[in-house]
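A.B. asks: Right, I'll just put the structure down here and ask away after.
In the numbering used here, the protein residues as written are 215 to 579.
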C-alpha cells in the first residue's frame with residue numbers, strides 16, 4: 215500500500231488522524247519533493263512509525279525521521295505541562311519541518327485549535343484561553359523592530375524560540391519588551407524542542423559524553439531513519455528498559471543546572487595550529503551583527519589548514535568586520551576574508567544553509 219504523502223494545509227488534519235489511530239503518513243514540502251531514497255511507493259513504513267518527516271538538511275543530506283505516535287504524544291503532553299496547560303497554537307513555520315508539525319500535534323493531542331499564519335508574523339491571532347506560538351530566531355529578530363508585532367507577541371502565554379542558536383541579547387531584548395520567550399533546544403529526532411530554557415522536559419534525560427557530546431534519552435526520541443539502518447545504528451541506542459537515546463552531533467555543558475549548547479561537534483577547526491570553536495565565534499558574530507546576518511565558515515587553506523571566512527548581506531568590509539569582532543574573539547577566530555552576497559541561503563525554517571554557503575565559497579560566487 216502506498217504511504218499517504220501530506221503537505222501544506224492538509225498536515226494538521228492528517229496528523230490529528232494519525233494520533234487518533236489512523237494510518238501512518240509522510241509529511242513533505244510538496245508532492246514533488248519526496249526524496250527518492252524514502253521509496254514510499256515500494257515499501258511500507260517501518261514498524262512503530264506514525265509520521266515520517268525530513269531533517270532540515272542545513273549541514274548534511276536530509277534524512278527521513280520516523281516518529282511514533284507515542285513519541286509525538288509524549289512530547290506534546292510534556293510541552294503543555296511545562297507551559298502551564300493546554301492551549302491553542304499559532305504556526306508561522308513550515309508544517310513539513312518538525313517545529314511546525316509539532317504545533318499541529320500539540321493542538322491535536324490537547325483537542326485545541328491551530329492557526330497557520332504567514333511567516334512574516336503579520337497575522338497573530340490569540341483567543342480567550344491560553345495561546346502559544348513557535349518561531350525561529352530570525353523571525354523574532356525582525357519582529358522586534360515592529361511595534362505592532364511586539365504588541366501581538368506579548369499577548370501570547372508563551373513564544374517558543376528555536377531552530378538554531380539563539381543569541382542571549384535577542385532573548386533579553388524580547389523579554390524586556392514584555393514577550394514571554396522560551397528558548398527551546400531539540401531536533402526532528404526528538405519531536406522538536408525537548409529542553410526549554412536549558413531544563414529538559416519531563417521524561418527527558420540529557421547526558422554529556424566524550425568531547426562534550428549531548429545525548430538525549432526519553433519517550434520523545436525517534437524510532438530510526440527511513441531505510442537507513444547504518445545511520446540509525448550510529449545515532450540511536452535502546453536500553454534494556456526500552457528507553458531510546460539519541461547521540462546528537464551537538465556539544466554542550468551544564469551551567470547552573472541548565473544545558474548550554476556550545477555548537478556542533480564539527481564546529482571545532484584548527485587554523486594555524488590553534489583550535490577555533492566556530493559555534494562560539496558565530497554566537498559572537500550574531501551578538502554584534504544580528505542573528506544570521508554574518509556567517510562564519512571554515513574553509514580549506516594550504517597555509518593555515520583551515521581559514522576562517524565570512525559571508526554577509528551587510529555593507530561591510532573585511533576590515534570593518536575584523537574591527538567589530540576584535541574585542542569579542544581571539545585573533546585566530548576573526549575572519550581573514552569576507553564576501554558580500556545578495557542573499558544568504560536558508561532552509562525553510564530560517565536556518566542558514568551552510569552546505570550551500572560552502573559551495574558558493576568554493577565556486578567563488
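Glycine included, each C-beta is placed from N, C-alpha and C at the ideal position.
Does the distance from the C-beta atom of residue 254 to that of residue 438 stay below 8 angstroms?
C.D. replies: Residue numbering aside, residue 254 sits at position 40 when the chain shown is read from its first letter. Residue numbering aside, residue 438 sits at position 224 when the chain shown is read from its first letter. Taking 8 angstroms as the Cβ cut-off, residue 254 and residue 438 do not qualify as a contacting pair.
A.B. asks: Just to confirm the assignment: which complete beta strand (DSSP E) runs, minimum length 3, are found wholly within the segment 226–310?
C.D. replies: For the segment 226–310, whole beta strand (DSSP E) runs of length 3 or above, ordered along the chain, are 239–241, 265–268, 278–281 and 302–305.
A.B. asks: Beta-carbon within less than 6 angstroms of residue 513's beta-carbon, same chain only, minus the 5 sequence neighbours each way: which residues are those?
C.D. replies: If you number the chain shown from 1, residue 513 lands on position 299. Sequence-distant partners of residue 513 (beyond 5 residues in either direction) whose C-beta falls short of 6 angstroms from its own C-beta, in its chain, are 521, 523 and 575.
A.B. asks: Mind listing, in chain order, the continuous alpha helix (DSSP H) runs of no fewer than 4 residues lying wholly within the segment 411–467?
C.D. replies: 443–449
A.B. asks: Which residue comes first and which comes last in the alpha helix (DSSP H) that contains residue 383?
C.D. replies: The sequence position of residue 383 within the chain shown is 169, counting from 1. First-last of the alpha helix (DSSP H) with residue 383: 382–390.
A.B. asks: Tell me the rounded alpha-carbon separation between residue 304 and residue 545.
C.D. replies: Stepping through the chain shown from its first residue, residue 304 is reached at position 90. Stepping through the chain shown from its first residue, residue 545 is reached at position 331. Their Cα atoms are separated by approximately 44 angstroms.
A.B. asks: Do the segment 473–485 and the segment 415–427 make contact, defined as three or more Cβ pairs closer than 8 angstroms?
C.D. replies: yes
A.B. asks: Counting along the chain, where does the beta strand (DSSP E) carrying residue 477 start and finish?
C.D. replies: As a position in the chain shown, residue 477 is number 263, starting the count at 1. From DSSP, the beta strand (DSSP E) with residue 477 extends over 472–478.
A.B. asks: Helix, strand or coil for residue 223? Go by DSSP, reduced to three states.
C.D. replies: Numbered from its first residue, the chain shown carries residue 223 at position 9. If DSSP states are grouped into helix, strand and coil, residue 223 belongs with the helices.
A.B. asks: Cutting at 6 angstroms between CB atoms, please list the residues of its own chain near residue 395, excluding the five before and the five after it.
C.D. replies: Position 181 of the chain shown, counted from the start, is the residue given in the question as residue 395. For residue 395, where only same-chain residues beyond five positions count, the Cβ hits under 6 angstroms are 373, 375, 385, 388 and 389.
A.B. asks: For residue 415, which option in 474, 308 and 295 has the closest C-alpha, if you only look at C-alpha atoms?
C.D. replies: Against the chain shown, residue 415 aligns to sequence position 201. Considering only alpha carbons, the answer is 295.
A.B. asks: Enumerate in chain order the residues of its own chain whose CB-to-CB distance from residue 365 is below 6 angstroms, with the five nearest sequence positions on each side excluded.
C.D. replies: Looking up residue 365 in the chain shown gives position 151. Contacts found: none.
A.B. asks: Going along the chain, which unbroken runs of the alpha helix (DSSP H) with 4 or more residues stay wholly within the segment 330–381?
C.D. replies: 351–357 and 361–367
A.B. asks: Is the separation between the beta-carbon of residue 407 and that of residue 400 shorter than 8 angstroms?
C.D. replies: Residue mapping note: residue 407 aligns to position 193 of the chain shown, counting from 1. Residue mapping note: residue 400 aligns to position 186 of the chain shown, counting from 1. Cβ atoms of residue 407 and residue 400: closer than 8 angstroms.
A.B. asks: Apart from the five residues just before and just after residue 528, which ones in its own chain have a Cβ nearer than 8 angstroms to its Cβ?
C.D. replies: Working through the chain shown from its first residue, we reach residue 528 at position 314. The answer, listed in chain order, is 503, 507, 508 and 554.
A.B. asks: Assuming residue 574 is part of the alpha helix (DSSP H), what are its boundary residues?
C.D. replies: As a first step, residue 574 must be located in the chain shown, where it is residue number 360. Counting along the chain, the alpha helix (DSSP H) containing residue 574 begins and ends at 568–577.
A.B. asks: Use the C-beta contact count for residue 299: other C-beta atoms within 10 angstroms, 16 or more gives buried, fewer gives exposed.
C.D. replies: Position 85 of the chain shown, counting from 1, holds the residue named residue 299. Residue 299 counts as exposed, since fewer than 16 other beta carbons sit within 10 angstroms of its beta carbon.
A.B. asks: What separation, rounded to the nearest whole angstrom, lies between the Cα atoms of residue 287 and residue 264?
C.D. replies: Locating residue 287 in the chain shown gives position 73, where the first residue counts as 1. Locating residue 264 in the chain shown gives position 50, where the first residue counts as 1. When only Cα atoms are considered, residue 287 and residue 264 end up about 11 angstroms apart.
A.B. asks: What does a CB cutoff of less than 7 angstroms around residue 250 pick up in its chain, not counting 5 residues either side in sequence?
C.D. replies: Translated into positions along the chain shown, residue 250 becomes position 36. Within the same chain, residue 250 has no close Cβ partners at all.
A.B. asks: I need the straight-line Cα distance from residue 333 to residue 314, nearest angstrom please.
C.D. replies: In the chain shown, counting from the first residue as 1, residue 333 sits at position 119. In the chain shown, counting from the first residue as 1, residue 314 sits at position 100. If I take the Cα positions, the gap works out to 11 angstroms.
A.B. asks: Less than 8 angstroms between the CB atoms is what I'm expecting for residue 217 and residue 241, so what's the real figure, rounded?
C.D. replies: One-based indexing of the chain shown puts residue 217 at position 3. One-based indexing of the chain shown puts residue 241 at position 27. About 11 angstroms; that fails the 8 angstroms criterion.
A.B. asks: What does DSSP give as the partner residue(s) for residue 512 in the beta ladder?
C.D. replies: On the chain shown, position 298 is the one that residue 512 refers to. Residue 512 is bridged to 522.
A.B. asks: From the DSSP output, read off the bridge partner residues of residue 316.
C.D. replies: For the purposes of this step, residue 316 is taken as residue 102 along the chain shown, with counting starting at 1. Beta-bridge pairing links residue 316 to no other residue.
A.B. asks: Would you tell me roughly how many angstroms separate the C-alpha atoms of residue 289 and residue 320, rounded to the nearest one?
C.D. replies: Here the question's residue 289 lines up with position 75 in the chain shown. Here the question's residue 320 lines up with position 106 in the chain shown. Rounded to whole angstroms, residue 289 to residue 320 spans 8 angstroms at the Cα level.
A.B. asks: According to DSSP, which residues form a beta bridge with residue 491?
C.D. replies: Translated into positions along the chain shown, residue 491 becomes position 277. 482, per the DSSP bridge assignment.
A.B. asks: Determine which residues share a DSSP beta bridge with residue 543 and list them.
C.D. replies: Residue 543 sits at position 329 when you count from the first residue of the chain shown. Looking at the DSSP assignment, residue 543 forms no beta bridge with any residue, so it has no partner.
A.B. asks: For residue 404, which of 354, 486 and 457 has the nearest alpha-carbon?
C.D. replies: Locating residue 404 in the chain shown gives position 190, counting from the first residue. Taking only the C-alpha atoms, the option nearest residue 404 is 457.
A.B. asks: Check this for me: beta carbons of residue 510 and residue 549, under 8 angstroms apart or not?
C.D. replies: Here the question's residue 510 lines up with position 296 in the chain shown. Here the question's residue 549 lines up with position 335 in the chain shown. For residue 510 and residue 549, yes; Cβs fall inside 8 angstroms.
A.B. asks: Using a 10 Å radius around the Cβ and a threshold of 16 neighbouring Cβ atoms, would you call residue 499 buried or exposed?
C.D. replies: As a position in the chain shown, residue 499 is number 285, starting the count at 1. Buried is the call here.
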